[in-house]
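Chemist:
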Amino acid sequence: MVFIYTTCRDESESRTLAGKIVEGKLASCVNIWRIGSIYKWEGELREEKEVAMLIKTIEAKVQEIEDFILENHAYRTPFVGVVDVRRLNRGYKEWMSETVH
């Protein structure tokens with residue numbers, strides 16, 4: 005199992021992306037929550053409200069999800085980061101194997 009982390013400009017975009025990812029059986033679940041971000045863009049310090057997405061999936065789906073995000077994201081340069089999960093409970097793993105194809 006892996007987590008894919010990305011952010012979106014608003015909740016509407018994150019819900020649209022998450023829905024398509026889960027409906028497409030690319031991930032078992034996507035967690036969405038509001039965050040604040042501080043970053044430098046084109047030489048200026050910016051502080052924005054964003055929405056974070058934590059996508060729960062399997063390694064075999066990472067490239068397909070990354071491609072989907074890059075093609076459908078509002079940002080020119082969205083962050084797409086992958087974190088390996090060392091261990092997860094058996095029940096969730098079994099459920100995930102039924103939902104991600």
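Just so it is clear: in the sequence shown, position 27 is 31 by this note's numbering, and no numbers are missing. Just so you know, even glycine gets a beta-carbon here, dropped at the ideal spot from N, CA and C. Nothing here was measured: the structure is a model prediction, and the numbers come from that model.
Could you tell me whether the segment 94-102 touches the segment 36-51, using the rule of 3 or more Cβ pairs below 8 Å?
Modeler: The segment 94-102 vs the segment 36-51: no contact.
Chemist: Assess, as a yes-or-no matter, whether the segment 24-35 is touched by the segment 55-74 under the definition of 3 or more beta carbon pairs within less than 8 Å.
Modeler: As far as the Cβ criterion goes, the segment 55-74 touches the segment 24-35, which means the pair count is three or higher.
Chemist: Could you check the C-alpha separation between ALA56 and ALA78 for me, to the nearest Å?
Modeler: If you number the sequence shown from 1, residue 56 lands on position 52. If you number the sequence shown from 1, residue 78 lands on position 74. Each residue's Cα considered, the two are about 14 Å apart.
Chemist: According to the Cβ coordinates, are THR61 and ILE8 closer than 8 Å?
Modeler: Your numbering for residue 61 matches position 57 in the sequence shown. Your numbering for residue 8 matches position 4 in the sequence shown. In this structure, ILE8 lies closer than 8 Å to THR61 by Cβ.
Chemist: Determine the DSSP secondary structure at ARG13, reduced to helix, strand or coil.
Modeler: Sequence index remark: in the sequence shown, residue 13 carries index 9 (1-based). Here ARG13 sits in coil by DSSP.
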